[in-house]
Amino acid sequence: MPEQTTSAEISIGGEPCAAVGRAGPRTTADAPVKADSAVVRDALGVGVAVGLSGFAFGVTAAGAGLDVMQICALSLLVFTGASQFALVGALAAGGNPFPAAAGAFFLGTRNAFYGLRLSQLLAVRRALRPLAAHWVIDETTAVALAQPTRRAARIGFTVTGLTLYVLWNLTTLLGALGAEAIGDTNAWGLDAAGPAVFLALLAPMLRTTTERVVAGIAVVLGLGLLPVLPAGVPVLVAAVAAPAVLWWQGRMTATGRKGAER
Amino acid sequence: MNVWIAIGVTAAACYLVKLAGLLVPAGVLERPLVQRLAALLPVALLAALTAQQTFSAGDALVLDARAAGLAAAAIALVLRAPFLVVVAAAVAVTAGVRALGG
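Residue numbers (numbering that gives the first Met the number 0), protein chains in the order written: chain A, 0 to 261; chain B, 0 to 101.
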């Protein structure tokens, strides 16, 4: 599925998104034509593949001790996979609800930047925005931004959003109900699904040294502080790697400039 | 009760950031520094979460079958496998290593 690889690279890192956004909203006049059916096919490919992994979420959440109502509420109301897995992981580790929710929230903040891009590209009517907002996630953004025209972007966003929302919630329910039938979910290796999802989202972001350094520091902080801080808190501390590296880079640039002036 | 509080706070907060993106006039979040930070924060969080959920049991660091599963996922990613295959590889290898007594 080459479309999926390309579109994932477009959205997830944030920067390619920005590049598309800087080009401004595209007009239909000079954009290449793409058949609606091709857009729908792209959208379905992404929606189905990711939607089905709701099963892994349902099973993981059940394994973490949540009941079926709680698990389904998460998929219906939160509907941003990484945040859901993060919350469940933190709760399973015995985390206090507030740092657990804070970690999930920080992961969700990237959706605000996707929304910024999409509001220009899709030109959603004001009345529809509260509805459209719920579907502003990695995958819908990736598919919408990969389209050549506004019409195609709207179709891509809607079809990806609808497929993913329906399948994600259905498979979440199946996973939650099936967790007991499966028995020991760990024996089936389903506790590896969460980290694999995170890695799949992370991998396309590790393009430059900056991203890799941030990831490296975050891993060291996250693991190093795990034995000494309450559950959920080490991840929040690890997030500090991002502003720290930016600050350090800014300093290096400033020093470099001073050096050049001399 | 704690779980419901966490679900409620997460659902409300995650929805509000999504909506904010669509409602906020472009320009507010357009400053380069804010953009850079927005791109890097998920990197830090995802890296820390991946490591923690692979190498921890409660508040102890452990090395078990999940590490093999994550390695399989990494290989699948390098081979540009689709999302579902990446997750399936991690799950299958973890289960396989456990079945072999690892």
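Glycine included, C-beta positions come from ideal geometry on N, C-alpha and C. For clarity, every value in this text was computed on a predicted model and none was experimentally measured.
Runs of beta strand (DSSP E) lying entirely within the stretch 170-256 of chain A, each at least 3 residues, in chain order: none
Min CB distance residue 69/A to chain B below 8 Å: yes
By the three-class DSSP mapping on this structure, what secondary structure does residue 45/B have? It is helical.
Residue from 229/A, 223/A, 256/A, 210/A whose Cα sits closest to the Cα of residue 243/A: 210/A
When you check each C-beta in the stretch 100-116 of chain A against every C-beta of chain B, which residues fall closer than 9 Å? 100, 101, 102, 103, 104, 105, 106, 107, 108, 109, 110, 111, 112, 113, 114, 115, 116
When Cβ atoms are compared, which residues of the stretch 194-206 of chain A fall closer than 9 Å to chain B? 194, 195, 196, 197, 198, 199, 200, 201, 202, 203, 204, 205
Buried or exposed: where does residue 74/B fall if 16 or more other Cβ atoms within 10 Å of its Cβ makes it buried? exposed
Counting only runs of 4+ residues fully inside the stretch 77-139 of chain A, write out the alpha helix (DSSP H) ranges in chain order. 80-91, 96-107, 109-121, 128-132
Quick check on residue 69/B: does DSSP put it in helix, strand or coil? In this structure, residue 69/B counts as helix in the three-state DSSP scheme.
Please list, in chain order, the chain B residues whose beta carbon lies closer than 8 Å to that of residue 187/A. 90, 94
Using the C-alpha atoms, what's the distance from residue 113/A back to residue 9/A? Bear in mind that the predicted position of residue 9/A carries a pLDDT of just 35, short of 50, making it too unreliable to give a figure here.
Hey, would you say residue 54/B sits closer than 8 Å to residue 199/A, going by beta carbons? In this structure, the beta-carbon distance from residue 54/B to residue 199/A does not fall below 8 Å.
7 Å Cβ shell around residue 15/B - same chain, five flanking residues per side excluded: None.
Does any residue of chain B bring its CB to less than 8 Å from the CB of residue 177/A? no
Under 8 Å between C-beta atoms of residue 90/B and residue 60/A: no
Measuring only the C-alpha atoms, how far is residue 179/A from residue 46/B? 30 Å
Going along chain A, which residues have a C-beta under 8 Å from residue 68/B? 188, 191, 194, 195
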